[in-house]
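Novice: This structure is in structure tokens; I'll ask about it shortly.
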């Protein structure tokens with residue numbers, strides 16, 4: 001038995017058919033341990049009640065690993081069938097599932113993602129809906145640390161290898177992701193790939209324009225805006241297409257209920273007729289309006305921080321010329337590094353609270369609303385330094401910088417001599433804006449990559465090393481525990497224990513990164529046209545590093561479905577629109593300053609600036625309309641497919657049900673057919689009338705000319721009569 | 001027989017069951033008459049071939065009246081059934097028609113409108129689609145003057161009587177229209193009614209604001225903008241609702257093919273799989289882009305006319321002080337009256353040509369594109385005089401008016417003495433704007449009513465009187481023709497001959513009027529807050545006079561279907577948006593001038609004006625978003641109904657087809673059910689393994705703990721073990 005296991009382990013890294021691992025934490029105190037034991041018993045009972053096979057193993061670090069798998073194929077097939085039928089009921093699928101189960105699953109095989117999704121639902125759904133009702137970290141299940149599926153190491157290795165040797169990802173790569181990790185993750189990669197492809201154009205054009213046109217070219221701004229419109233509209237269509245192709249269009253309508261949702265009344269669902277729990281949309285709307293003060297608060301809090309640091313920085317780097325200058329230069333950076341995360345965390349908490357208050361029925365709606373708020377935060381922290389430089393520092397610098405003497409006066413109080421600090425004559429630094437944009441589009445992207453991929457990896461490696469050293473020195477108990485692993489399971493359990501410690505993969509973080517990046521391109525790339533080149537390179541790496549992140553540094557994600565990139569679409573649209581405004585303003589403000597020797601471009605009247613913004617924005621809106629209708633003209637192949645399927649389904653149904661009727665009718669009333677009917681009808685009518693006598697006036701009217709030939713005859717005589725009359729008249 | 005007829009005629013005005021009247025013109029020359037005779041023979045043959053009964057009568061004035069009715073009820077029922085099935089295939093109807101025809105027509109009776117629509121389609125559809133292929137005034141059928149259904153006099157009388165004694169029209173009134181005249185006409189009245197109801201608010205608020213706030217109040221402007229947003233969004237929802245309620249949602253997808261459409265290639269319809277004739281959408285799009293130069297041309301041509309007349313008017317009324325002033329004042333009006341219709345006709349022709357070039361597949365698309373172009377024309381002729389006064393005359397008057405001396409110089413050349421014409425000192429007339437707005441919102445509406453309703457009525461009465469006198473004097477031939485009418489048909493035929501001479505009812509004219517009216521309210525009502533009061537009164541009358549127009553001055557309209565007010569929705573949205581811009585500008589320019597004694601408000605910097613416009617526009621866009629999402633929250637009852645129907649249909653189908661399966665499954669895997677499955681599965685597995693020996697590693701893994709109870713047991717021992725270890729550790 002042991003030999004077999006060893007041989008097997010070397011042959012392939014099997015997951016032993018495990019569907020999910022429930023990571024169960026064992027508390028430290030005696031009393032809690034008893035509670036945890038009771039809850040554990042309950043857990044295994046519940047899970048096995050809904051049809052899972054269970055195994056428990058030692059999880060290390062005071063925890064258990066409960067392995068579950070769906071016990072019978074029959075149960076799995078039934079569950080999948082049920083969900084597919086539900087999809088069809090809600091209009092997600094166009095065709096009803098086939099009755100012949102065996103044939104059906106041959107035609108539409110079950111993907112990894114589908115099985116795992118259903119298993120997860122079975123574990124977590126409330127008991128009254130047929131699930132086991134396990135909610136990790138909440139209520140009675142507070143010791144359930146996480147429920148996660150296991151990585152397929154073979155697939156992951158192959159996946160990473162494939163992607164890192166490939167220049168360009170195509171749709172089959174995305175489909176692979178979809179089959180493994182579900183549509184939600186696949187949509188992210190599809191978006192990334194689509195964005196990457198679209199970046200090729202502004203990268204090439206940006207490079208050319210950097211060589212030929214220089215910075216602040218209105219032509220570049222125009223093309224860039226147009227590109228962002230086209231990209232946005234194209235993605236909107238592509239998104240629908242993918243959803244149809246993956247059979248998930250409209251799936252957002254039947255998303256998971258949120259467990260924390262509180263209802264204020266019950267009502268009948270107008271569509272399904274079931275009794276559902278409702279929350280007044282008006283109450284929610286009223287609470288949603290709180291987003292405005294929230295955005296304002298973010299703006300004030302983060303704005304103050306950024307403005308202060310900005311002012312200090314300018315004072316120190318450009319005005320101050322006294323001692324310790326080389327150290328003081330770091331002061332604003334230090335301040336920002338300390339306060340930004342603190343404030344952001346605080347505001348994120350607030351955003352969470354607000355979103356809780358809005359009390360959404362579904363997880364998706366909750367997530368969307370939260371994302372919206374987070375976007376506001378990110379918008380401010382990411383873009384306001386550049387906004388400050390471009391629209392405050394450069395144009396109003398000459399007026400505002402003298403006020404920075406405040407710092408000087410404050411500093412004087414603390415120096416013993418009370419004499420003025422040494423300063424130098426101040427001039428607007430015209431390169432500041434460009435440097436800042438380059439920083440955000442190149443340096444920051446690299447820093448981001450490092451913190452996202454390399455740091456966590458190094459951290460994990462290090463903490464593991466530390467742990468091993470630690471356990472070697474002190475804990476003989478643990479070693480003993482580890483020994484208990486059956487040899488053929490040892491490697492597997494080691495892997496599972498590692499995965500249990502990993503973070504969950506959160507796709508919104510990656511979306512946010514890409515959307516903010518798109519913002520730099522749309523808003524500020526007119527300052528430095530090479531922006532898109534930098535992003536092109538970055539995103540090639542990004543796709544691979546995100547894949548690595550999923551495969552190596554995160555638990556395998558639960559394969560949720562999705563029918564779009566969700567709330568990020570709005571953010572993209574907003575940034576694309578705002579780009580038309582900022583680009584116009586930047587070109588207007590800085591274009592001339594390139595020629596003059598003076599650093600300040602503020603020789604321009606306000607109305608001309610506003611007019612150029614107004615003009616640019618409206619051009620944008622008009623172009624958007626035109627592009628939108630052009631895109632619609634192309635008629636999305638996905639939607640076409642969907643309509644065709646619906647049509648075919650109906651036609652088939654019709655043929656099944658009304659077969660004789662349709663064949664009889666399919667010729668239309670036709671020539672001869674119609675004729676016969678008329679004749680018959682007329683003859684029958686005539687017979688009826690002849691029995692009744694004269695008949696009603698209507699019958700009399702329609703009897704004056706019996707059949708078409710009489711009508712023709714009489715008509716012809718009338719024509720010749722009148723024509724003759726006409727001719728005689730004209731001859732008179 | 002004659003007595004019977006007389007009695008009958010006095011009892012009720014029967015239409016003798018006629019479905020359609022084909023008005024056939026007899027040409028004057030001999031050769032043409034022969035041609036017309038042949039075509040007539042063909043006409044009757046074609047029509048009777050597709051299943052119509054025919055009768056021909058003398059039409060008076062060198063024409064024939066061909067009466068047709070669908071000959072058999074069976075044919076009618078089949079046709080209707082066919083079309084309803086088609087609707088279902090295209091997703092317009094949610095439920096497939098019942099197979100049991102008799103029951104089906106009892107459940108969903110055939111309305112007047114439905115019967116007439118089908119009959120018309122049967123007459124006009126191409127022969128290969130099962131129709132008779134009669135296209136009035138085109139090709140071989142050039143002598144077919146018109147094909148029209150007959151008015152139901154009893155209904156019309158009752159309708160007019162009912163409406164003129166009712167203060168408020170409700171949905172049953174609209175439904176009545178729908179059953180008689182089809183959805184296209186009904187949508188107009190529904191829109192009118194909805195608009196009327198919504199007008200109550202700005203009328204009341206406008207009156208209050210006229211009393212309390214005066215003209216150019218920013219508060220009024222704000223509320224007015226908000227109102228227009230709410231109205232627009234509400235109508236968008238209402239429109240969908242009505243379409244669902246009337247069962248015509250999506251009907252625009254299956255509209256009539258345009259007979260003049262030219263295809264450039266054939267392709268398979270991606271939805272239905274049929275071969276269809278296509279025209280490249282890109283070619284069409286390229287041609288659609290010609291709309292921009294067209295709009296520019298309209299702008300230049302009509303703009304020049306209006307500016308010229310405007311200048312002349314100002315010169316004459318406000319500067320010129322010489323002889324004939326009282327006559328010369330009329331000069332601009334005369335010029336406008338002569339040239340506006342001429343130029344408009346010319347440009348309308350051009351618009352028609354452009355729309356032809358765009359070569360649409362369907363009549364609806366053609367109509368929509370044409371309407372768009374006409375809207376541009378109407379926009380310029382209706383609003384540019386006010387735009388000129390508000391944004392050119394008042395602010396720039398002092399600079400521009402001196403240039404009007406051109407007229408003086410020109411005039412001098414023609415006067416013999418060559419001495420300067422007598423003029424008076426010029427001042428901006430600050431009341432001019434208000435007067436103009438009042439003119440357009442009150443006087444013009446009344447004039448419009450008169451020309452629309454009273455003039456045509458009077459004209460018809462007069463021409464009839466003239467004709468009668470004329471025929472009494474000269475034509476004994478005609479008298480002879482008339483004598484030939486059978487006495488019991490005499491009155492009926494007289495009526496039909498009258499109706500044959502009437503115009504077709506064109507609903508777009510009425511839409512245009514309302515949309516342009518909405519524009520005055522949205523764009524300029526801040527000048528004169530009583531605008532809405534005037535419109536409220538006007539629209540009460542308008543609904544009745546439009547009803548009268550249909551009932552008395554037009555042929556009965558062919559009851560087409562429609563699922564919205566079509567292209568006018570875009571126009572409404574555009575005007576509503578533009579209102580936010582003009583209102584802000586008007587308030588900004590004129591608000592202060594109310595207080596100062598000086599007539600000119602142009603003491604304001606351009607940037608402040610632009611800023612206020614920019615601000616107002618963006619407030620508008622934000623408010624629109626909020627209102628839109630609020631409206632969406634309310635979830636249109638129509639859409640809900642539709643979804644519910646779809647859901648019910650699917651569920652029913654499911655129950656029929658998969659009845660056993662569903663009942664078995666409806667409990668979900670459940671507690672006990674799941675348990676059993678697990679046990680069984682595990683036992684079976686164990687048995688299999690015991691036969692095979694040790695089994696695969698996977699099997700071994702899942703066999704270590706046999707069933708949930710063992711898992712629980714082992715898990716509990718692990719917990720207590722670890723907990724003890726923890727406690728010992730913490731005690732150390």
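Residue numbers (full-length UniProt numbering), protein chains in the order written: chain A, 1 to 732; chain B, 1 to 732.
Cβ coordinates follow ideal geometry from the N, Cα and C atoms, glycine included.
Where in the region 7 to 44 of chain A do unbroken runs of the beta strand (DSSP E), each at least 3 residues long, occur, reported from the N-terminal end onward?
Specialist: Those beta strand (DSSP E) runs which fall completely within the region 7 to 44 of chain A and span 3+ residues are 20 to 25.
Novice: So is residue 79 of chain A buried or exposed if we call it buried at 16+ other beta carbons inside 10 Å?
Specialist: When all chains shown are included, residue 79 of chain A counts as buried.
Novice: Which of helix, strand or coil does DSSP assign to residue 320 of chain B?
Specialist: Residue 320 of chain B: strand per DSSP, three-state reduction.
Novice: Let me know the secondary structure DSSP gives residue 351 of chain B once reduced to three states.
Specialist: In this structure, residue 351 of chain B counts as helix in the three-state DSSP scheme.
Novice: Could you say which of A:247, A:708 and A:259 lies nearest to residue 95 of chain A if we only look at CA atoms?
Specialist: Ranking A:247, A:708 and A:259 by Cα distance to residue 95 of chain A puts A:247 first.
Novice: According to DSSP, simplified to helix, strand and coil, what is residue 595 of chain A?
Specialist: Because the pLDDT at residue 595 of chain A is just 42, under 50, the model does not fix this residue reliably, and the value given afterwards should be weighed accordingly. Coil at residue 595 of chain A, not helix or strand.
Novice: Does residue 304 of chain A get closer than 7 Å to chain B when you measure Cβ to Cβ?
Specialist: No, residue 304 of chain A lies away from the interface with chain B (no Cβ there is under 7 Å from its Cβ).
Novice: Among B:299, B:434, B:360 and B:384, which one has its Cα closest to the Cα of residue 531 of chain B?
Specialist: When only C-alpha atoms are compared, the closest one is B:434.
Novice: Run through DSSP, which three-state label would residue 213 of chain B get?
Specialist: Looking at residue 213 of chain B - three-state DSSP - the assignment turns out to be coil, as it is neither helix nor strand.
Novice: So, are the CB atoms of residue 174 of chain A and residue 191 of chain A less than 7 Å apart?
Specialist: Contact: no.
Novice: Taking all protein chains shown into account, decide if residue 715 of chain B is buried (16 or more other Cβ within 10 angstroms of its Cβ) or exposed.
Specialist: Looking at its Cβ environment, which holds 16 or more other Cβ atoms inside 10 Å, residue 715 of chain B is buried.
Novice: Under three-state DSSP, which class holds residue 248 of chain A?
Specialist: In this structure, residue 248 of chain A counts as coil in the three-state DSSP scheme.
Novice: Mind checking which residues open and close the alpha helix (DSSP H) that includes residue 381 of chain B?
Specialist: Here the alpha helix (DSSP H) through residue 381 of chain B covers 363 to 388.
Novice: Going by C-alpha to C-alpha distance, which of A:52, A:287 and A:213 sits closest to residue 355 of chain A?
Specialist: The shortest C-alpha separation from residue 355 of chain A is found at A:287.
Novice: For a cutoff of 7 Å on Cβ pairs, would you count residue 712 of chain B as touching chain A?
Specialist: At least one chain A Cβ lies under 7 Å of residue 712 of chain B.
Novice: Ignore the nearest five residues each way along the sequence and tell me which others in residue 225 of chain A's own chain have a CB closer than 7 Å to its CB.
Specialist: Closer than 7 Å at the Cβ level, and outside the excluded window around residue 225 of chain A, lie 579, 580, 583 and 620.
Novice: Name, going along the chain, the residues of the region 484 to 510 of chain A whose beta-carbon falls closer than 9 Å to a beta-carbon of chain E.
Specialist: Reference to chain E is not applicable here, since the protein chains of this structure are A and B.
Novice: Can the beta-carbon of residue 252 of chain B be found closer than 7 Å to that of residue 506 of chain B?
Specialist: In this structure, residue 506 of chain B does not lie closer than 7 Å to residue 252 of chain B by Cβ.
Novice: So, helix, strand or coil for residue 721 of chain A, using DSSP?
Specialist: The answer is helix: DSSP assigns residue 721 of chain A an H, G or I state.
Novice: Buried or exposed: residue 633 of chain B, going by 16 or more other Cβ atoms within 10 Å of its Cβ?
Specialist: Exposed, because fewer than 16 other Cβ atoms sit within 10 Å of the Cβ of residue 633 of chain B.
Novice: Answer with yes or no whether the minimum CB distance from residue 37 of chain A to chain B is below 7 Å.
Specialist: Taking Cβ atoms only, chain B reaches closer than 7 Å to residue 37 of chain A, which makes this a yes.
Novice: Could you tell me the boundaries of the alpha helix (DSSP H) in which residue 514 of chain A lies?
Specialist: Per DSSP, residue 514 of chain A belongs to the alpha helix (DSSP H) from 507 to 524.
Novice: With three or more beta-carbon pairs closer than 8 Å as the criterion, would you say the region 45 to 59 of chain B touches the region 113 to 123 of chain B?
Specialist: The answer is yes - the region 113 to 123 of chain B touches the region 45 to 59 of chain B, with three or more Cβ pairs under 8 Å.
Novice: Show which residues of chain B have a CB atom less than 8 Å away from the CB atom of residue 94 of chain A.
Specialist: Simply none; closest approach about 11 Å.
Novice: When you compare each of B:320, B:22, B:390 and B:199 to residue 540 of chain B by their alpha carbons, which one comes out closest?
Specialist: Residue 540 of chain B has its Cα closest to that of B:199, out of B:320, B:22, B:390 and B:199.
Novice: Nearest by alpha-carbon distance to residue 114 of chain A: which of A:588, A:703, A:591 and A:559 is it?
Specialist: Taking only the C-alpha atoms, the option nearest residue 114 of chain A is A:559.
Novice: So for residue 633 of chain A, helix, strand or coil by DSSP?
Specialist: Residue 633 of chain A: helix per DSSP, three-state reduction.
Novice: So is residue 638 of chain B in contact with chain A if we call contact Cβ pairs under 7 Å?
Specialist: No, residue 638 of chain B lies away from the interface with chain A (no Cβ there is under 7 Å from its Cβ).
Novice: Residues of chain B with CB closer than 7 Å to the CB of residue 58 of chain A, please, in chain order.
Specialist: Going along chain B in sequence order, the residues near residue 58 of chain A (Cβ under 7 Å) are 718.
Novice: Which of the three DSSP states, helix, strand or coil, is assigned to residue 179 of chain B?
Specialist: Three-state DSSP puts residue 179 of chain B in a helix.
Novice: Taking C-beta to C-beta, are residue 240 of chain A and residue 636 of chain A nearer than 7 Å?
Specialist: Result yes, Cβ atoms of residue 240 of chain A and residue 636 of chain A sit closer than 7 Å.
Novice: Which residues bound the beta strand (DSSP E) around residue 69 of chain B?
Specialist: Residues 63 to 70.
Novice: Return no unless some Cβ of chain A is closer than 7 Å to the Cβ of residue 705 of chain B.
Specialist: Chain A contact via Cβ: present.
Novice: For residue 553 of chain B, which residues of its own chain have a beta-carbon under 6 Å away from its beta-carbon, when the five flanking residues on both sides are left out?
Specialist: Result list for residue 553 of chain B: 456, in chain order.
Novice: Under a three-way DSSP split, which group does residue 503 of chain A fall into?
Specialist: In this structure, residue 503 of chain A counts as strand in the three-state DSSP scheme.
Novice: What residues in its chain sit with their C-beta under 6 Å from that of residue 718 of chain B, if we drop five residues either side in the sequence?
Specialist: Counting only Cβ-Cβ distances below 6 Å, and skipping sequence neighbours, we find nothing.
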